[in-house]
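The block underneath contains the structure these notes are about, expressed in structure tokens.
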Amino acid sequence: MKKTNIPGAEGASVYDITTLFFKGVKDIRLSERAAAMSFNFLMAIPPSLIFLFSLVPYLPLDTVETTILNSIRLLSPNERLFNSVQGIVTDFMQTKRRELLSLGFLFTLFVSSNGVMGLLRGFDRDSPAHVKRTGMARRKKAILLTLGLMMVLLVSIALLIIQTSVLDKYLADLAGNASVLKMISGLTLVGIIYITMCILYKYGPSLEDKFRFFSPGAFLATVLFVGVSYLFFYIANHFINYNKVYGSIGTLLMFMAWMFITGMVILIGFELNLSIMMHHKLAAAARDKNRHPPEQPAGQVN
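For the sequence shown, full-length UniProt numbering begins at 1 and goes up steadily by one.
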């Protein structure tokens, strides 16, 4: 473990990073930060959907609605949740709300950024690597990140549409065409999740030195997000079965629990990147100390 290096961590050993990682997780009270982040995410979802799906009808592409619904169905853990979301999405997709692209646009964007604000608060802490920022600076960064993530989503929707049309054209005669398309769409969604994590870790934290865009933390967060989400929804659908106990509200409870898990995953990926950064800082400080040892008082002999 002490000699095994983490890929992409520039020579940092698994042992050293793991030690710093668990110390950091303990110090920041991970579950409390994840709970606060999940609450902000949950409250920001309605205005974010209003903002995003009010822009989607203006995309100069066909089959936008079908592509988005297929992606949501692919991500949904069960048909009940998909049916709950489908009506809302369809309404926004088929209606161009011009009033939301005027003064309401700014208000909706401001409220939508609350989710990212919660994320940025989760990233902020007292450490040698962090730079303190004001609430105004945090809000500005949250709005810019929200706009950036919205653009990523819109570009992703366009790519999914183009990808589907191209694959339909070249795989039309291939047996199991639907399965191949579903697998490729799933891999594309994983790629979108990875890019989203990279953006959050690169531009979200207030640090003296920025993380690299493609970082070990982003990779870990993506793997954990996909794996834990699949496992959580499988257990929820086959063993816990919220709907039999709580009725229709069970879907909401399951979604809230999933948001909490998502918050923990994002923080874990960030903590890994921060641990690697702190390891490099400590190693650099040790090397500098060895190069320039403290001078001994005059007349003192070792």
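C-beta: ideal position from N, C-alpha, C; glycine also.
Boundaries of the alpha helix (DSSP H) in which residue i is found, first to last residue
| i | result |
| --- | --- |
| Arg-121 | 114 to 123 |
| Lys-210 | Per DSSP, Lys-210 belongs to no alpha helix (DSSP H) and is neither H nor E. |
| Phe-232 | 216 to 235 |
Environment of residue i [buried if 16+ CB atoms lie within 10 Å]
| i | result |
| --- | --- |
| Leu-231 | exposed |
| Glu-271 | buried |
| Tyr-234 | exposed |
| Leu-282 | exposed |
| Arg-138 | buried |
| Lys-141 | buried |
| Tyr-15 | exposed |
| Ser-179 | exposed |
| Ile-249 | exposed |
| Ser-165 | exposed |
| Gly-115 | buried |
| Gly-87 | exposed |
| Val-265 | buried |
| Leu-220 | buried |
| Pro-216 | buried |
| Leu-106 | exposed |
| Asn-83 | exposed |
Bridge partner(s) assigned by DSSP for residue i
| i | result |
| --- | --- |
| His-130 | Leu-207 |
Helix, strand or coil at residue i according to DSSP, with G and I counted as helix
| i | result |
| --- | --- |
| Ser-165 | helix |
| Arg-139 | helix |
| Arg-33 | helix |
| Leu-282 | helix |
| Leu-252 | helix |
| Asn-302 | Bear in mind that the predicted position of Asn-302 carries a pLDDT of just 48, short of 50, making it unreliable; the figure below should be weighed with that in mind. DSSP places Asn-302 in coil when its eight states are reduced to three. |
CB-CB length for residue i against residue j, believed under 8 Å
| i | j | result |
| --- | --- | --- |
| Leu-267 | Arg-125 | Their Cβ separation, rounded to whole angstroms, is 11 Å, which puts Leu-267 and Arg-125 out of contact at 8 Å. |
| Pro-20 | Met-278 | What sits at residue 20 in the sequence shown is Leu, not Pro. Right, their Cβ atoms sit about 6 Å apart. |
| Lys-122 | Met-37 | The question names Lys, yet the displayed sequence has Gly at residue 122. Confirmed, about 5 Å. |
| Arg-252 | Gly-204 | For clarity, residue 252 is Leu in the given sequence; the question names Arg instead. Leu-252 to Gly-204, Cβ: 28 Å. No contact. |
| Ala-236 | Met-254 | 5 Å |
| Asn-40 | Met-117 | 6 Å |
| Leu-69 | Val-89 | 6 Å |
| Ser-48 | Ser-112 | 4 Å |
| Glu-208 | Val-152 | About 26 Å separates the two Cβ atoms, so there is no contact after all. |
| Thr-188 | Phe-225 | About 15 Å; that fails the 8 Å criterion. |
| Ser-127 | Leu-160 | That pair is no contact at about 39 Å. |
Neighbour flag for residue i against chain C, beta carbons, 8 Å
| i | result |
| --- | --- |
| Ile-268 | Absent here is chain C; the protein component of the structure consists of one chain. |
Proximity test, residue i beta-carbon vs the ligand ZN heavy atom, cut-off 7 Å
| i | result |
| --- | --- |
| Leu-149 | No copy of the ligand ZN occurs in the structure displayed, which carries no ligand at all. |
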